[in-house]
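**Q** Please find one structure pasted underneath; my questions will follow.
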Amino acid sequence: MKIVKIIAWVALIAFVIIQFFPTDKNERYTIPETDFMMFNKVPSKIENQLKVSCYDCHSNNTVYPWYSKVQPAAWFLEDHIKEVKEDEITFPFKNIAFVSDFKEDISNAFKNAEEIAKKCNAKIHLLNINTTSDFNSVENGLQPIKDFLTHFPKLENYQMHVYSETNIESGIEKFEDSIDVDLIVMYTHSRKGLSSIFSKSITESITNHSKKPVMTVHL
Numbered sequence: 001m002k003i004v005k006i007i008a009w010v011a012l013i014a015f016v017i018i019q020f021f022p023t024d025k026n027e028r029y030t031i032p033e034t035d036f037m038m039f040n041k042v043p044s045k046i047e048n049q050l051k052v053s054c055y056d057c058h059s060n061n062t063v064y065p066w067y068s069k070v071q072p073a074a075w076f077l078e079d080h081i082k083e084v085k086e087d088e089i090t091f092p093f094k095n096i097a098f099v100s101d102f103k104e105d106i107s108n109a110f111k112n113a114e115e116i117a118k119k120c121n122a123k124i125h126l127l128n129i130n131t132t133s134d135f136n137s138v139e140n141g142l143q144p145i146k147d148f149l150t151h152f153p154k155l156e157n158y159q160m161h162v163y164s165e166t167n168i169e170s171g172i173e174k175f176e177d178s179i180d181v182d183l184i185v186m187y188t189h190s191r192k193g194l195s196s197i198f199s200k201s202i203t204e205s206i207t208n209h210s211k212k213p214v215m216t217v218h219l
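Just so you know, we're using the UniProt record's numbering here: the sequence shown kicks off at 1 and counts up by one.
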């Protein structure tokens, strides 16, 4: 028991000490040569949309989660950001992924993706991910997307996708690997009793681990 206490005290002291060695953050002007919005003439309206919606690693205005102030979690987070910034992002976007389970009317969130797609002449990929807790056939997964698209009869440049994975994160990751996506659009809100895709923690996890820019819209 004494050994356990000693180990616990040593671990606590080490944890306190490493807090004095914070990592450099990806903030304004720190790495200007890698901010793609500075060099691709992104329209101000789209730039503002991205920043307001938690535009992340590829800009120099990264919105950090609360745990970025805690070491060593911040070290791993910053390593991910630096890795992501090595991937070249160009504008205008050509492929935009809109992720949803399409179980409710999320038209207002979709309009953000539609507006950017129109300005970029980009294709919108409507992605529904079936998880083990909500497994459906591909056709059943497509039907909610088809029903949703009745609200947007003029939408032409789009494609529907259904992926069956164990969780939302792995589904998006596999989709990124199969389609050269330039931007991922998701949404979240604080209402309870809804699909896990609306969870703030899920959205933050995808934002912090995706190698592509992630735009989140709060409903």
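Beta carbons are placed, not taken as given, at the ideal position from N, Cα and C, and that holds for glycine.
Considering Cα atoms alone, identify which of 148, 185, 74, 107 is closest to residue 18.
**A** Your numbering for residue 18 matches position 18 in the sequence shown. Nearest of 148, 185, 74, 107 to residue 18, Cα basis: 74.
**Q** Here's the rule I'm using: 16 or more other beta-carbon atoms within 10 Å means buried, otherwise exposed. How should residue 151 be labelled?
**A** Stepping through the sequence shown from its first residue, residue 151 is reached at position 151. Exposed, by the Cβ-count rule.
**Q** Might you give, ordered along the chain, the residues of its own chain that have their beta carbon closer than 8 Å to the beta carbon of residue 72, omitting 5 neighbours on each side?
**A** What you label residue 72 is simply residue 72 of the sequence shown in a count that begins at 1. Contacts found: 18.
**Q** Which parts of the stretch 100-155 are runs of the alpha helix (DSSP H), unbroken and 4 residues or longer, counting only runs that do not cross its ends?
**A** Runs found: 107-120, 138-149.
**Q** With DSSP as the reference, label residue 76 as helix, strand or coil.
**A** If you number the sequence shown from 1, residue 76 lands on position 76. Helix, per DSSP.
**Q** Distance, Cα to Cα, residue 165 vs residue 123?
**A** Indexing the sequence shown from 1 puts residue 165 at position 165. Indexing the sequence shown from 1 puts residue 123 at position 123. C-alpha separation (whole angstroms): 24 Å.
**Q** Nearest-angstrom Cα distance between residue 100 and residue 68?
**A** Here residue 100 corresponds to residue number 100 of the sequence shown, with the count starting at 1. Here residue 68 corresponds to residue number 68 of the sequence shown, with the count starting at 1. For residue 100 and residue 68, the distance between alpha carbons rounds to 28 Å.
**Q** Residue 204: buried (16+ other C-beta within 10 angstroms of its C-beta) or exposed?
**A** Here residue 204 refers to the residue found at position 204 of the sequence shown. Counting Cβ neighbours within 10 Å, residue 204 comes out buried, since at least 16 surround it.
**Q** Any idea which residues DSSP pairs residue 98 with across the strands?
**A** On the sequence shown, position 98 is the one that residue 98 refers to. 126, 185.
**Q** With DSSP collapsed to three states, give me the class of residue 162.
**A** The residue labelled residue 162 in the question sits at position 162 within the sequence shown. Three-state result, residue 162: strand.
**Q** Is it right to say residue 170 is buried, meaning 16 or more other beta carbons lie within 10 angstroms of its own, or is it exposed?
**A** Translated into the one-based positions of the sequence shown, residue 170 becomes position 170. Classification for residue 170: exposed.
**Q** Less than 7 Å between C-beta atoms, sequence neighbours within five positions excluded: which residues of the same chain meet that for residue 8?
**A** Counted from its first residue, the sequence shown places residue 8 at position 8. Here the set comprises nothing.
**Q** For residue 70, does the three-state DSSP call read helix, strand or coil?
**A** Taking the first residue of the sequence shown as 1, we reach residue 70 at position 70. Note: residue 70 maps to coil in three-state DSSP.
**Q** Give me the Cα-Cα distance between residue 172 and residue 13, rounded to the nearest whole angstrom.
**A** Here residue 172 refers to the residue found at position 172 of the sequence shown. Here residue 13 refers to the residue found at position 13 of the sequence shown. Approximately 39 Å, taken between the alpha carbons.
**Q** Expressed to the nearest angstrom, what Euclidean distance is found between the alpha-carbon atoms of residue 178 and residue 97?
**A** Indexing the sequence shown from 1 puts residue 178 at position 178. Indexing the sequence shown from 1 puts residue 97 at position 97. When rounded, the distance between both Cα atoms is 12 Å.
**Q** Among all the DSSP beta bridges, which residues are the ones paired with residue 209?
**A** The residue you call residue 209 lines up with position 209 of the sequence shown. Beta-bridge pairing links residue 209 to no other residue.
**Q** Using DSSP's beta-bridge definition, name the partner residues of residue 214.
**A** Here residue 214 corresponds to residue number 214 of the sequence shown, with the count starting at 1. Per DSSP, 184.
**Q** Helix, strand or coil, according to DSSP, for residue 21 in the structure here?
**A** If you number the sequence shown from 1, residue 21 lands on position 21. The answer is coil: DSSP assigns residue 21 none of H, G, I, E or B.
**Q** Does the beta-carbon of residue 114 have 16 or more other beta-carbons within 10 angstroms, so that it is buried, or is it exposed?
**A** Taking the first residue of the sequence shown as position 1, residue 114 is located at position 114. So residue 114 counts as buried.
**Q** Assign residue 185 to one of two classes, buried (16 or more other C-beta atoms within 10 Å of its C-beta) or exposed (fewer than that).
**A** Position 185 of the sequence shown, counting from 1, holds the residue named residue 185. Flag for residue 185 reads buried.
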